[in-house]
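Student: The structure that follows is given in the form of structure tokens.
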Amino acid sequence: MKNINRLIYLVLYIILISILYAIYTLPTPAKEPNYLILEVTGYYPGPECCWPDDDGFTAIGDVAGRGSVAIDDKNGPLRMGQRVWVEDYGPGKCNDRGSAIKGWKIDLCFETLEEAKEWGRKLIKVYVLED
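Just so you know, we're using UniProt numbering here: the sequence shown kicks off at 1 and counts up by one.
Okay, structure coming up:
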């Protein structure tokens with residue numbers, strides 16, 4: 001009887017170790033991408049859109065061009081220097097401010113006034129990229 005009890009305990013111990021091993025070696029689920037749904041407009045860094053601040057530079061001194069993103073850095077969900085991926089636009093860097101950009105809105109820089117007008121105003125996913 002003593003040997004049977006030892007055998008039962010040994011089998012239970014092996015089963016417990018196997019279950020724990022299986023639990024701890026499971027792959028971790030992929031992290032859900034962090035995104036916001038924002039009102040997104042387009043701008044052109046020329047006098048038609050940015051006068052009197054149409055010097056061709058963003059608020060933090062970068063050259064304004066495709067990939068520049070104007071944000072509300074005081075009340076909006078994004079911060080200066082943050083990198084984002086905007087659906088239907090691509091990568092961007094939050095490096096500019098706009099007087100009309102308040103709260104959950106961003107403004108994407110385009111190379112031409114026509115491109116900015118064609119973009120219009122959209123409610124779209126903006127993915128926040130890891131720093």
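Just so it is clear, CB atoms sit at the ideal spot from N, CA and C, and this is done for glycine as well.
Alpha helix (DSSP H) containing I15: first to last residue?
Tutor: It spans 2–24 - the alpha helix (DSSP H) in which I15 sits, taken as one unbroken run.
Student: Between the alpha carbons of G98 and D107, how many angstroms are there, rounded?
Tutor: C-alpha separation (whole angstroms): 8 Å.
Student: Give the straight-line distance between the Cα atoms of I124 and G56, rounded to the nearest whole angstrom.
Tutor: Answer to the nearest angstrom: the Cα atoms are 26 Å apart.
Student: What does the Cβ neighbour count give for G61, buried or exposed, with the cut at 16 atoms within 10 Å?
Tutor: Under this definition G61 is an exposed residue.
Student: S68: which of N75, E111, G76 sits nearest, CA to CA?
Tutor: Out of N75, E111, G76, E111 has the C-alpha closest to the C-alpha of S68.
Student: Figure out for me which residue from Y21, L7, K93, Y89 has the closest Cα to the Cα of R121.
Tutor: Looking at the Cα atoms, Y89 is the closest of the given residues.
Student: Tell whether a beta-carbon distance below 8 Å holds between G103 and G76.
Tutor: The answer is yes: Cβ separation under 8 Å.
Student: So, at 8 Å on beta carbons, what are the nonlocal neighbours of E118 in its own chain, with the 5 sequence-adjacent residues on each side left out?
Tutor: Contacts found: G42.
Student: Whole angstroms are fine: how far does the CA of I17 sit from the CA of N3?
Tutor: Going by the C-alpha atoms only, they are around 21 Å apart.
Student: Report the start-end ranges of each alpha helix (DSSP H) in the UniProt domain "3D" (68–130) that is 4 residues or longer and not cut off at the edges.
Tutor: Runs of the alpha helix (DSSP H) inside the UniProt domain "3D" (68–130): 113–119.
Student: Please return the same chain residues whose Cβ sits closer than 6 Å to the Cβ of L78, not counting the five positions on each side in sequence.
Tutor: Closer than 6 Å at Cβ, skipping near neighbours: I71, C94.
Student: Please state whether the Cβ-Cβ distance between C109 and A59 is less than 8 Å.
Tutor: Not a contact, by the Cβ cut-off of 8 Å.
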